[in-house]
Each structure stands twice: as structure tokens, then as C-alpha cells.
Amino acid sequence: MDGVREEMEARYASGDVPWDNPLPPPELIALVEEMPPGRALDLGCGYGRAAIYLAQHGWQVDGVDFVALAVEEARRRARAAGVEVAFHHGSVTDLSFLQPPYDLAVDVGCGHNLGSDGWKLYHAELRRLLQPGGLFLLFSHVRRDGEEAEGEQPTHGLDQGAFLDLFSNGFHAEQIVHGETVMPNGRWPSAWFWMRRILRRR
-9 MDGVREEMEA RYASGDVPWD NPLPPPELIA LVEEMPPGRA LDLGCGYGRA AIYLAQHGWQ
51 VDGVDFVALA VEEARRRARA AGVEVAFHHG SVTDLSFLQP PYDLAVDVGC GHNLGSDGWK
111 LYHAELRRLL QPGGLFLLFS HVRRDGEEAE GEQPTHGLDQ GAFLDLFSNG FHAEQIVHGE
171 TVMPNGRWPS AWFWMRRILR RR
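If you count by my numbering, then the sequence shown holds residues -9 to 192, one letter each, in order.
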């Protein structure tokens, strides 16, 4: 995970942030239009575009990112937008500084950088923080068929089968939509996951 952190810190320091768009993805915009405001958590918030958009629509929002430069810029942008968002510099695998309950958790492109151990910690935090009936909305690159991680190291993309097996403990997959992400440096299979927090325990 340290290698991912160093890479992301370097990208933010150089301004190489191709996902820096004024608005969040249309999937989140559509969700905000149909879901009443509540308490939300933006995981891997970056410059805060999702968190700020949610706050502009009446949500109480916390954002978390492990890149200090991103968090500083997110705070600046929130002030410029005239909204209050609590941005935190920290890891999505250790959210002990946050207290439940949350109605919504959003991850747009953070989790697919985690290895299997990281995903276990991330899942445990979401189970603790999201209230029953709450929604976890995840966008992730997904691993190509036959591509495997080396040991516990993250690879480019989520292992969908392992993810769904892990999240079957406490969550129900309401919807999965597959697509493709096209960036200047390549293209990857990707997917949106709508995961509903349930009480059932495995």
C-alpha cells in the first residue's frame, strides 16, 4: 500500500489528476436526486468533488483521503463552494476516528488500489459505520479474466468474486453495472456496485 500512496502523492504534487472533473459521476448525481439527504462518507475523496456535491444537496459529509495535498485542496474547494465538509487525512482501512451511523458511503476509484488484507479492514469499517438500510456505492476497475494478484499485493482492478464473497457478510448486491474506463494511459474493465447494508451475519 505504501507504493500506491507514494504514487498518488506524486501525481497530486505534479497535477497529474485526470479524474479531476467539476461534477461527480452521473451515477452519484442520479442517486442524490432520488435519495433523501442524510449522513455520507466519501472514501478516497481526492479533491472532494463527490463530497462537495453531496453537501450542496443537503448532506452532512465526511471525506477521507491519504494524500495530504488532496485533502488541503478539497478543504479549499469546499470553502469556495460555500459548503461545510469534514475532510480527514487518513486511510480508508482505519476509520476509527469516525462514528456511526452513516446513510451512504461512496468510493469512486479508491478501493481498487487495495490488496486483500486492505479490503478486509475496509469491509469491517463499512460494516461498523453504515447503518442497516444504508447504501455503499462503489466504482472500481475490475480485474480482467485470468489476472491474479501476486500474494497480498494489490493489482490493477478489483477481484469481483472475492469482493462479493467478502461483502456477502453484511451487504446485499442490489445492482452491478459493468463498463469500460478510458484514460489517456489506457483502458480497463470497470463496474459500479450498489451494495445495501443488511443485518444478516455469516
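All residues carry an ideal CB built from backbone N, CA and C; glycine is no exception.
To the nearest angstrom, report how far apart G124 and H113 are at their CA atoms. Position 134 of the sequence shown holds residue 124. Position 123 of the sequence shown holds residue 113. C-alpha separation (whole angstroms): 14 angstroms.
For G141, count neighbouring Cβ atoms within 10 angstroms of its own Cβ and tell me buried if that reaches 16, exposed if not. Here residue 141 refers to the residue found at position 151 when the sequence shown is read from its first residue. With a pLDDT of 42 at G141, under the threshold of 50, the predicted position of this residue should be treated as unreliable, though the coordinate-derived value follows. Counting Cβ neighbours within 10 Å, G141 comes out exposed, since fewer than 16 surround it.
Please identify the residue among E23, D97, P12 and G72 whose C-alpha is closest to the C-alpha of V197. Outside the shown range of the chain, which is -9 to 192, sits residue 197, and nothing can be said about it.
Measuring alpha carbon to alpha carbon, tell me which of P122, S86 and H78 ends up nearest D93. Reading the sequence shown from its first residue, position 103 is the one you call residue 93. Closest by alpha carbon: P122.
Applying the criterion that 16 or more other CB atoms from any shown protein chain within 10 Å of the CB defines a buried residue, is D10 buried or exposed? For the purposes of this step, residue 10 is taken as residue 20 along the sequence shown, with counting starting at 1. By the neighbour-count criterion, in which 16 or more other beta carbons inside 10 Å mark a residue as buried, D10 falls on the exposed side.
Tell me the DSSP secondary structure of R133 in three-state form. Within the sequence shown, the letter at position 143 stands for residue 133. DSSP places R133 in coil when its eight states are reduced to three.
Leaving out five residues on either side along the sequence, give the residues of the same chain with a beta carbon under 6 angstroms from the beta carbon of Q150. One-based indexing of the sequence shown puts residue 150 at position 160. Taking C-beta separations shorter than 6 angstroms and ignoring five residues to either side along the sequence, the partners of Q150 in its chain run V132, following chain order.
Closer than 6 angstroms by C-beta to E115: which residues in its own chain qualify, once you throw out the five before and the five after it? Chain order, please. As a first step, residue 115 is located in the sequence shown; it is residue number 125 there, counting from the start. Closer than 6 angstroms at the Cβ level, and outside the excluded window around E115, lie L85.
Do you know offhand how far I42's Cα is from P90's? Taking the first residue of the sequence shown as 1, we reach residue 42 at position 52. Taking the first residue of the sequence shown as 1, we reach residue 90 at position 100. I42 and P90: Cα-Cα distance of roughly 20 angstroms.
So who's on the other strand from G176, going by DSSP bridges? Against the sequence shown, residue 176 aligns to sequence position 186. According to DSSP, G176 bridges with M173.
Apart from the five residues on each side of it in sequence, which residues of its chain come closer than 7 angstroms, Cβ to Cβ, to R177? Taking the first residue of the sequence shown as 1, we reach residue 177 at position 187. Exclusion of the five residues before and after R177 leaves E170 and T171 as the residues of its chain whose Cβ lies within less than 7 angstroms of its Cβ.
Count Cβ pairs between the region 73 to 85 and the region 55 to 64 that sit closer than 8 angstroms; are there 3 or more? Touching, per the Cβ criterion.
Local conformation of E74 per DSSP, three classes: As a working note, residue 74 is residue 84 in the sequence shown. Coil.
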